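Data first, discussion second: the structure below is written as structure tokens.
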Amino acid sequence: MARETATAYSPTEIEEKWQKIWDEQGTNELTQQELRDTADPFYQLMMYPYPSAEGLHVGNIYAFTGADVHGRYHRLLGRTVFEPIGFDAFGIHSENYALKVGTHPMDLIPRNVANFTRQLRRIGGMFDWKHTVDTTDPAYYRWTQWIFLQLFKAGLVERKEAPVNWCPSCKTVLANEQVISGACERCDTPVEQRRIAQWFFKITRYAQRLLDNLDHIDWSETTTKAQRNWIGRSEGAELEFPVLPRGSAVDEIGNDFSSESFRQLVPDASMIRVYTTRPDTVFGATYMVLAPEHPLVDAITTSGQRDEVESYRTQAAAMDLVSRQKTEKEKTGVFTGAYCLNPATGVAIPVWIADYVLMEYGTGAIMAVPGHDERDFEFASALGLPIVRVVAGPGDGPDTPLTEAYVSNQDGRLVNSDRFDGLPYADGKQQITEWFHERGLGEARINYRLHDWCISRQRYWGPPIPIIHCNACGAVPVPDEDLPVLLPRVEHFEPDDSGISPLARAEAWYQVSCPECGGQARRETDVSDTFLDSGWYFLRYPSTDRNDVALDPEITRTWLPVHSYIGGNEHAVLHLLYSRFLTMALHDIGHLDFEEPYRKFRAHGLIIREGAKMSKNKGNVIVPDPIIERWGADTFRVYLMFLGPYEEGGDYRDEGIQGPAGFLHRLWDTVLQAAEEEPRPPDPEVERKLHKTIRQVTEQIPQLSYNTAIAALMEYLNAVRAGGRSPARDEVDAMVPMIAPFAPHIAEELWARLGHTGSVFDGANWPAFDPEKARDASLELAVQVNGKVRGRVFIEPGAPEDAVVALARDEENVARHLEGRTLRRVIDVQDRLLNFVVSPE
RNA sequence: GCCGGGGUGGUGAAAUCGGUAAACACAGGGGACUUAAAAUCCCCCGGGCGUAACGCCCUUGCGGGUUCGAGUCCCGCCCCCGGCACCA
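Going by our numbering, the first sequence wraps up at 843, each residue one higher than the last.
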């Protein structure tokens, strides 16, 4: 029967109404008082967006809504919740788009920010708009520059010429993290190698600490794993191999010489230092390989090989890191003509150069053990170099031929290794390292894959690096009182091939006098990496009222570290690692009293559509505005959270939104109907269901099991309405705060219509769970015979076993299956099931 | 290749500690109400056998195992998604 309701649910109307009220009353904004002193602060962070011209992506909305649900839930518990948002508006992404559409970023970005702000308000996030951040605002980047200088003064910044990843299309240097399998992460162009003087943050100094702390912080496992891999700690040794001068007689040197005794024989010998994780296999080193750029190459190459070596080096340099990776497994190399003495075997082994050895890792040189390293095996096979077995697996003898590299280090024992024969891997590794150490030929060594963080960008759209280059004084920091170094408006801002920043053409801007000697000097014309902006934005949010300091100490103590950070795992190794490093550095310098920025981090999953990834190319992206117009933000939010487990993502199917839409309509009708009912006590059955629902939702929201929490609420609403019964007020009251995190607008409206004053989010309105009221009067018990369900009986909770057994045996179908069999055992799972174990017939 | 995460109806998914597999929804089918739309309400909905109701068998990627009992635990495979990738 169709029912006349006083008002039909009109999402657009009530959403606009409540967004306006929140704004006017400052519902979502923290006061100075709250920022400075709050009993129960809760800082809910989400990853601030890059304000693209396309507007908010569903991925953004999914991320923000999931975080917002969490923040709103904590507020309903009575905590003071700070939930800010801002804009990551500097960077190549924005700049490239500006170039594409021919609009100056200084004009374009404010428009995008305005559009994002409108959309963010519209989705009903509990954002504190009084404490927002825009990285392109001089009031923000002044402090980004200040942080650079703080690190600079602490000796954590260095300028060095280094091979860098160069994107020929974006015409800029990329961080290693921005190179995705050899190509630029933004435009997919293969990256080249160039050498430019750059500014680096010494993150590698923090490698071990960044790794160790991962054991203690409460983060998604997937994220900590990704960081561990990225930091890439490996334990091994650096070993020295003496280069043999030509014509030297080595036969009498043997294999037990020391660095010193060798030098007595050959005073001017150079040493090649290699890094290896497998010192136990040193007896199998049959040749050496240097990276083509290795500084010793020139000195050791023999005249006969010089031309070949030179041409290989030129080729490798032109190719760079990336095309080097493109050639995949194909191994090439050139013999230098030089030989090293293997200090373990006493045998002279040839020295090669090959591009599979990278200058950036370890020492840029390796001892090649083709028997026990896949790459060395391939190289030796391709170039006809000897392969020797020095580790025998189970069932192998010392001379069992190798058809591929045997790389297992688990169960092998050393062979063909002189007095180390028979040792297991770990002992061999340790003892051989010691043996080299005693002889002055190396020592144990830990290496990390992590590189120092290159923060220089030869682009326009970023904060200028606050350094002045003076011929007399060198690199001089811009004095704090001169910050910010404003990014000048230059109309010709596109980069070119020269590798020089667009700012290097703005002579009037870069010509300054040296702050130290007053002489003619020149500003640094590179800008800093966007990841520096985003590396500290969460520290700034609560202090945005202060323009005289980056961080208000009192406020920072109250609100940081962040209580809950929810975001995408695509930032597992970029933003999340850099922000940890900056926090540690600022802690060490004395600006923070904690060294980890986030108490808790959870990675959410990805949204796909109809089983496929969304992309502009496929034309299957979801455009949020029309959906919100048609269904309302609340319905959209509930649907997104209902799609699947939040930490795993979900498949967005267009028709699916019907479910949450109908749910909110029914909720609306039910609550309004209940509001008009004469007061009466709740139905006991419904009340039981209610308390079970409260228990479930209260448990599941903090675990981010949003989909099942919503399902529980749907189930409860179905129970309230079962058979078309009329709902009692006490049956619906608690539903309003429970749906509020997901659908805040309708919750506010219903809360008001139930006669409450003020926002549902003010005061601790989360319903209390009462276990007494959740207790079942009777429950259904499954009765099995030999593990198969044969019947059901109704019992009182906690009924004694013999009573239950008697009842179960009387059940018709159970009795039939028991007939003529011998009862062997009875398994009684309290209040769940009963299993009769019987003999076969 | 290495590191994560997965594989359950037509679809998205659910299932504390090993204890009634498929909750909650979508789509589909049937019906009520309605000028119409929106909204609402009721019924059916994994496969097979059988039937008057009831009942029986099968089913969580594949193959084994442990157990009274396995989607869940163990061993061996296959496939999909995401990340890293010549890191010595």
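By construction, the Cβ of each residue, glycine as well, lies at the ideal position given by its N, Cα and C atoms. Note that the coordinates shown come from a computational prediction; the quantities given were computed from them, not determined experimentally.
Exposure label - residue i; buried when at least 16 CB within 10 Å
i: Asn720; result: exposed
i: Ala209; result: buried
i: Gly765; result: exposed
i: Ala346; result: buried
i: Ser96; result: buried
i: His218; result: exposed
i: Pro743; result: buried
i: Arg447; result: buried
i: Ala407; result: buried
i: Gln832; result: exposed
i: Arg542; result: buried
i: Arg582; result: buried
i: Gln698; result: buried
i: Lys431; result: buried
i: Thr329; result: Legend: pLDDT at Thr329 = 47, less than 50; position of this residue unreliable, no value from coordinates given.
i: Ile87; result: buried
i: Phe150; result: buried
Spatial neighbours of residue i in its chain, beta-carbon cut-off 6 Å, leaving aside the 5 residues before and after
i: Ser54; result: none
i: Tyr11; result: His667 and Trp670
i: Phe264; result: Pro244
i: Phe665; result: Met716
i: Asp482; result: none
i: Val1; result: With the chain represented from 3 up to 843, any question about residue 1 goes unanswered, as that position is not in the structure.
i: Val738; result: Ala749, Leu752 and Trp753
Chain-order list of residues whose beta-carbon lies under 8 Å from that of residue i (same chain, five-residue window excluded)
i: Gly646; result: Gly607, Gly652, Asp653 and Asn709
i: Arg144; result: Leu485 and Pro486
i: Asp401; result: Arg391
i: Leu176; result: Val166, Asn167, Trp168, Cys169, Cys186, Glu187 and Val193
i: Lys620; result: Ala614
i: His72; result: Gln46, Ser566, Ile568, Ile703, Pro704, Leu706 and Pro743
8 Å contact criterion, which residue i and residue j should meet: CB distance rounded
i: Ala749; j: Ile741; result: 6 Å
i: Arg123; j: Gln21; result: 6 Å
i: Lys162; j: Phe202; result: 6 Å
i: Pro244; j: Ala271; result: 5 Å
i: Pro497; j: Pro504; result: 6 Å
i: Ile302; j: Ala340; result: 4 Å
i: Glu187; j: Trp168; result: In fact, because the Cβ distance is near 14 Å, the residues do not count as touching under 8 Å.
i: Arg639; j: Ala745; result: 6 Å
Residues near residue i by beta carbon distance below 7 Å, same chain, minus five either side
i: Val816; result: Val785, Val787, Arg792, Gly793 and Ala810
i: Gly234; result: Tyr450, Arg451 and Leu452
i: Asn641; result: Contrary to the premise, residue 641 reads as Tyr rather than Asn in this sequence. The answer, listed in chain order, is Gly658, Ile659 and Pro662.
i: Val564; result: Tyr45, Leu47, Phe540, Pro599, Tyr600 and Arg601
i: Asp282; result: Leu416, Tyr427, Gly430, Lys431 and Ile434
i: Ile712; result: Val640, Met643, Phe644 and Phe744
i: Ile629; result: Phe638
i: Asn215; result: Glu598
Whether residue i touches residue j by CB criterion (7 Å)
i: Tyr45; j: Phe84; result: yes
i: Arg459; j: Asp531; result: yes
i: Pro269; j: Ile355; result: no
i: Thr338; j: Val353; result: yes
i: Asp109; j: Tyr52; result: no
i: Gly424; j: Ser260; result: no
i: Thr527; j: Ala552; result: no
i: Arg823; j: Val806; result: no
i: Ile696; j: Tyr75; result: no
i: Phe533; j: Leu488; result: no
i: Ile16; j: Ile63; result: no
i: His439; j: Val409; result: no
i: Pro769; j: Ala736; result: yes
**Study point:** Inter-stretch contact (C-beta, 8 Å, three-pair minimum) for the stretch 59-71 and the stretch 691-711
**Key:** Cβ pair count under 8 Å is three or more, so yes.
Practice item. Would you check if the stretch 500-517 and the stretch 458-474 touch, i.e. whether three or more CB-CB distances between them fall below 8 Å? Key: Result yes; three or more Cβ-Cβ pairs closer than 8 Å.
Point to revise | Inter-stretch contact at 8 Å, needing at least 3 Cβ pairs: the stretch 31-44 / the stretch 557-570 | key: yes
**Study point:** Contact between the stretch 209-225 and the stretch 296-316 (3+ Cβ pairs under 8 Å)
**Key:** no
Exercise for review: Please confirm if the stretch 129-145 is in contact with the stretch 543-553, defined as three or more CB-CB distances below 8 Å between the two stretches.
Suggested key: yes
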